[in-house]
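Line by line, the protein sequences give chains A and B. The first sequence: position 128 = 128 (my numbering), numbered continuously. The second sequence: position 59 = 1059 (my numbering), numbered continuously. Idealized CB from N, CA, C, for every residue including glycine. Okay, so here's the structure we're looking at.
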Amino acid sequence: MNFRGFRHIVILILIGMFTGTIPVYARELKVIVLDPGHGGSDSGVKGLSGIQEKGITLILAKKLALALQERMGVRVVLTRDEDETLSVYQRTGVANNQKADLFISLHVNGDFSPHRTGMQIYTLAAGDYTGPGGDSPPEALAWESAQNEFFLQSQQVAQAIYEQASRSSLIQNCQLRQAPLLVLKGAHLPACLIELDYMSSKSAEERLLTGEYQAELVRVICEGLMDYQDSLSGWRI
Amino acid sequence: MPIIRKKKKGVIFGMSTLWAASMLVSILVLSWIVWHKLQARIESLPEVIKQLQTPSISSSGKVTLKLYFESAQTGELEMEEREFAVTPAKDSSSKRAEPPQLPELAHMALEALSSAPPGNKRLATLPKGVKLRNIYLDAAGTAYADFDEQLAERHPGGTQAEMITIYSVVNTLCANFPQIKRVRFLIGGKEAQTLAGHVDIKQPFNYK
């Protein structure tokens, strides 16, 4: 190590001593895996006009992939780029095998109310179903607990997108949620699932089909990820 | 030598007979006491289970159950109490009326979740036509709610709707039957990964 490198380390240690924190280096986003929810024989939520969730998620994933490549310069991998059936494990497996830095699963919501609208951003809920008689079998622990070490980073990603979506005039309502989602469980990387809006609502379904609303959804997710990227870049105190 | 042997044999025979007889009587008395104690406990056991398993039934033959519906406004679960008229079944052997047991009351409660309560404030949380095939309870307090395939086929899908369905069932069962600590879902008698593609239902859910 040369004198300059040694001097940087001394300065960082001194800063850490003064601020009471330890400098942390976080990895930048280079590879993002986008997962268009459902597909093939699994059509997902069916809209009132006959539109299917699997089609909307694929359109949005392709548009988001282009935006992320152009604006962030990252490599984007889609779990599917056509109408094909994939298991949940195949989707998460793509993200793990690509050694990606972020996994985002795109979905469209459904509800028993025909009036519910808005975006929900989910991260994995930490074991609200464990307990006596509810423990995972030992052979499943590696997959079931893969996301555990990324809870904090996943929540930071979700929070960054949430903040952008909350400022949007087109997105009527945005919520941060946690749930035991199967597609996030085995992800050994920061991961979240975005329910873009509700297809059980006629007004939201019509809005989802417009280019303007799709562009806004792409913008808030992209800018949320850019904010997250900024918070990671370089040395962070 | 022959005299000594004869005398010794008689003494030994007398003592051992007395000892064996007293031991036998003691064993018989102890067995009788233990048997009667066990019998009394076995006879009282079904009554204890009935008290645990069933919410109280009023003198007019009604039971009040707690049901969890989705709030139309917030999208969260809300509890409301509803009275159900129960017809006590006649026990053919003893000719006395038996109060409904856990499976019957659980069927009543869960099938009520398919219909929205009057008014527009609360929504149904199970699709119409869904049937609870059976419900089982293990010794650890895990209930297995076995729904027919209609639950997956008719479900609207989406994470919000799946979470609402799951926790409305879990909370309704746990709130009415204290011995149910957690609930596991089966569809058509089999384990399933999800209801409609999102929430992992391979493991039991706790009361929330």
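Listed by chain order, chain A residues near residue i by CB distance under 9 angstroms
i	result
B:L1106	Here residue 1106 of chain B turns out to be Ala, not Leu, going by the sequence shown. By Cβ distance, chain A contributes nothing, its closest Cβ being about 18 angstroms from B:A1106, past 9 angstroms.
B:V1130	Within 9 angstroms Cβ-Cβ: nothing; B:V1130 doesn't reach chain A, min ~13 angstroms.
B:E1111	Going along chain A, no residue has its Cβ under 9 angstroms from B:E1111, so there is no contact; the nearest lies around 16 angstroms.
B:T1125	F112
B:G1119	Near B:G1119 there are no residues of chain A at all, since even the closest Cβ is about 14 angstroms away, more than 9 angstroms.
Beta-ladder partner(s) of residue i, from DSSP
i	result
B:T1064	B:E1083
B:N1206	B:R1182
A:G39	A:D42
B:E1070	B:L1077, B:L1123
A:L124	A:A179
A:H107	A:E195
B:I1033	Looking at the DSSP assignment, B:I1033 forms no beta bridge with any residue, so it has no partner.
A:K185	According to DSSP, which records beta bridges pairwise, A:K185 is partnered with nothing at all.
B:K1190	B:I1187
A:L102	A:I32
B:I1057	B:V1063
A:M119	A:C174
Beta-carbon contacts of residue i that lie in its chain and below 8 angstroms, excluding the five residues immediately before and after
i	result
A:L58	P36, G39, R80, D81, E82, D83
B:K1062	E1083, F1084, A1085, V1086
A:Q159	L176
B:A1116	F1069, R1122, L1123, A1124
B:S1071	L1077, E1078, K1121, R1122, L1123
B:Y1167	Y1068, L1077, F1205, K1208
B:K1037	none
Within-8 angstroms CB hit, residue i to chain B
i	result
A:A179	yes
A:K185	yes
A:R116	yes
A:V157	no
A:L182	yes
A:V94	no
A:G110	yes
A:D42	yes
A:A100	no
A:Q120	yes
A:V33	no
A:E195	yes
A:H107	yes
A:H38	yes
Any chain A beta carbon closer than 8 angstroms to residue i
i	result
B:L1151	no
B:K1172	According to the sequence as given, residue 1172 of chain B is Thr; it is not Lys. It does not; no Cβ of chain A falls within 8 angstroms.
B:Y1207	no
B:D1148	no
B:T1017	no
B:K1190	no
B:A1020	no
B:G1197	yes
B:E1070	yes
B:I1239	Residue 1239 of chain B lies beyond the range of chain B shown here (1001 to 1208); nothing can be said about it.
B:G1075	yes
Sequence-distant residues of the same chain with beta carbon closer than 6 angstroms to residue i, five excluded per side
i	result
A:R177	Q120, Y122
A:A191	F103, S154, L184
A:Q172	T117, G118
A:A165	M119, I171, C174, V220
B:E1162	L1195, A1196, H1198, V1199
B:K1277	The question about residue 1277 of chain B has no answer here: the residues shown for chain B are numbered 1001 through 1208.
A:E195	H107, N109, Q120
B:L1137	A1143
Cut-off 7 angstroms between Cβ atoms - residues of its own chain near residue i, not counting five sequence neighbours on either side
i	result
A:L193	S105, H107, Y122, L181, V183, L184
A:Y162	I121, C174, L176
A:A67	V218, C222
B:G1188	D1148, E1149
A:I56	V108, L208
B:R1133	D1146, F1147, D1148, G1189
A:S49	E205
Chain-ordered chain B contacts of residue i [CB-CB under 8 angstroms]
i	result
A:E163	Chain B residues near A:E163: none, gap ~21 angstroms exceeds 8 angstroms.
A:S200	P1156, G1158, A1161
Partner residues on chain E for residue i, Cβ-Cβ distance less than 7 angstroms
i	result
A:E205	Absent here is chain E; the protein component of the structure consists of chains A and B.
Beta-carbon neighbours of residue i, restricted to chain A and to distances below 7 angstroms
i	result
B:L1186	None at all; the shortest Cβ gap to chain A is about 15 angstroms.
Amino acids of chain A, ordered along the chain, whose beta-carbon sits closer than 8 angstroms to that of residue i
i	result
B:Q1193	V88, L182
B:A1135	One detail in the question is off: residue 1135 of chain B reads as Ile in this sequence, not Ala. Per Cβ cutoff of 8 angstroms: no residues; B:I1135 is ~16 angstroms from chain A at best.
Within chain B, the residues that residue i reaches when beta carbons sit closer than 9 angstroms
i	result
A:V76	Result: empty, since nearest Cβ-Cβ is about 23 angstroms, beyond 9 angstroms.
Residue i: contacting residues in chain B (beta-carbon distance under 7 angstroms)
i	result
A:V45	P1156, G1157, G1158
Could you name each continuous beta strand (DSSP E) segment of 3 residues or more that falls completely within the region 1099–1184 of chain B, going from the start of the chain to the end? 1132–1137, 1142–1147
Contiguous alpha helix (DSSP H) assignments of at least 4 residues, all confined to the region 40–91 of chain A: 53–72
Runs of alpha helix (DSSP H) lying entirely within the region 190–219 of chain A, each at least 4 residues, in chain order: 202–208
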